[in-house]
Amino acid sequence: MKINVVIKLLISLSLILTMRVTSTVQAEDIKVSEHPNLSTISFESRTQQITIFSTNVDSFETSLNYNSDGFSGTLNKQGNPTVVSGELKPAQTITAPTHSCGSSIPGKYVANGNWVPTGPEISCPWEKTAKVQDVTITLTRTYETSSKICPSPNKSKANYACTMSWVYYYDGSITLPASDTRNYAQVYSGTVTKPVEKIAKYTYTYNSSGQLTDILFKSGKKISYEYDKNGNLKKTTVVNP
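Here the working numbering = 1-based position in the sequence shown + 968.
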């Protein structure tokens, strides 16, 4: 009877020692590893609109590549170009009003009745200029009319003075070519994105067999892995903060 008691005590001590040793080994072999530089990439997006200006209505592309402040993407043409300044002027002919210029020559009839000049001619130029609608137009002589004549010979007028005078008339016009001073604006719009790197800190915990048991995220999220006695993954638990 005493022998049986002793054997039972020895067996109990053996089990206690075995359990203590096993527990101690597992506690010592747990490994914790931090990974502060692990990161994930996400994308920030926004609607981008720009306006392009040009004097050529046919110069606008269907789409544009946008790349600014880290954002990139494709912007598409929105509607048609609009005129923001300037105008289209068709070809135009401007005609100046008729201008005139009087000319004269002083003279007299001599004894035989012939008329002779007694002084220089007050003459008119071959061309004149006129300003119409802020445009300078060159006018040329087109015709003339006599306002006073001194027929010769005329013996009845001998020794009498007679000044001949007449009027010149000038006309002119100019054709202005068509002009286009229009400036156009075209709107482009689209969604652009920018990659954003998010640094996350992970803490990994391993068991004595080197198997991952827990992942603890900086946000407080925790993923736990449970294995069977053969080391096979049995259960995964996710706990969100």
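We put the CB at the ideal spot given by N, CA and C, even for glycine.
Suppose the cutoff is 7 angstroms on Cβ atoms and the five residues either side in sequence are ignored; what does the same chain contact list for residue 1082 look like?
Around residue 1082: 1120, 1121.
To which residues of the same chain is residue 1011 closer than 8 angstroms at the C-beta, ignoring the five residues directly before and after it?
Correct list, in chain order: 1161, 1162, 1163, 1164.
Go through its chain and collect everything with a Cβ distance to residue 1190's Cβ below 6 angstroms, but skip five positions before and after it.
Excluding positions up to five away in sequence, the list reads 1184, 1207.
Under the three-state reduction of DSSP, which class applies to residue 1071: helix, strand or coil?
Correct three-state label for residue 1071: strand.
List the whole-angstrom C-beta distance separating residue 1093 from residue 1085, where the pair is believed to meet the contact cut-off of C-beta under 8 angstroms.
Not a contact, Cβ separation roughly 20 angstroms.
Could you check how far apart the C-beta atoms of residue 1193 and residue 1180 are, in whole angstroms? I think they sit under 8 angstroms.
At roughly 6 angstroms, the Cβ-Cβ gap stays under 8 angstroms, so residue 1193 and residue 1180 are in contact.
Whose C-alpha, out of 1026, 1051, 1090, 1037, is nearest the C-alpha of residue 1152?
Ranking 1026, 1051, 1090, 1037 by Cα distance to residue 1152 puts 1051 first.
Using a Cβ-Cβ distance under 8 angstroms, would residue 1135 count as near chain D?
As a matter of chain content, chain D is missing from the structure shown, which is built from one protein chain.
Just how far apart, CA to CA, sit residue 1077 and residue 1118?
Each residue's alpha carbon lies about 9 angstroms from the other.
Can you grab the Cα-Cα spacing for the pair residue 1196 / residue 1209, in whole Å?
Computed Cα separation, rounded: 27 angstroms.
Suppose only complete runs of 3+ residues qualify. What are the beta strand (DSSP E) ranges in the segment 1067-1123, listed by chain order?
Counting only runs of 3 or more, we get 1067-1073, 1075-1077, 1083-1085, 1095-1100, 1103-1116.
By the 10 Å Cβ neighbour count, where 16 or more other Cβ atoms means buried, how is residue 1199 classified, buried or exposed?
Answer is exposed; the Cβ neighbour count stays below 16.
Work out the CA separation of residue 1060 and residue 1147 for me, nearest whole Å.
Cα-Cα distance, rounded: 10 angstroms.
Alpha carbon to alpha carbon, how far is residue 1049 from residue 1026?
For residue 1049 and residue 1026, the distance between alpha carbons rounds to 9 angstroms.
Mark residue 1079 as exposed unless 16 or more other C-beta atoms lie within 10 angstroms of its C-beta, in which case mark it buried.
Exposed is the call here.
From residue 1057 to residue 1142, what distance separates their C-alpha atoms?
Using only the alpha carbons, I get a separation of about 15 angstroms.
Please list, in chain order, all residues of the same chain as residue 992 whose beta carbon is under 6 angstroms from its beta carbon, the five residues on each side excluded.
For residue 992, the predicted model reports a pLDDT of 29, less than 50, meaning its position is unreliable; a value from the coordinates is still stated below. So no residue of the chain qualifies.
Using C-beta distances below 8 angstroms, list every residue in its chain close to residue 1145, excluding the 5 sequence neighbours before and after it, in chain order.
Result list for residue 1145: 1059, in chain order.
Under the three-state reduction of DSSP, which class applies to residue 975: helix, strand or coil?
Annotation note: pLDDT 40 at residue 975 (below 50); position unreliable, coordinate value reported separately. Note: residue 975 maps to helix in three-state DSSP.
Can you tell me the Cα-Cα spacing of residue 1201 and residue 1172, whole angstroms?
Whole-angstrom Cα-Cα distance: 16 angstroms.
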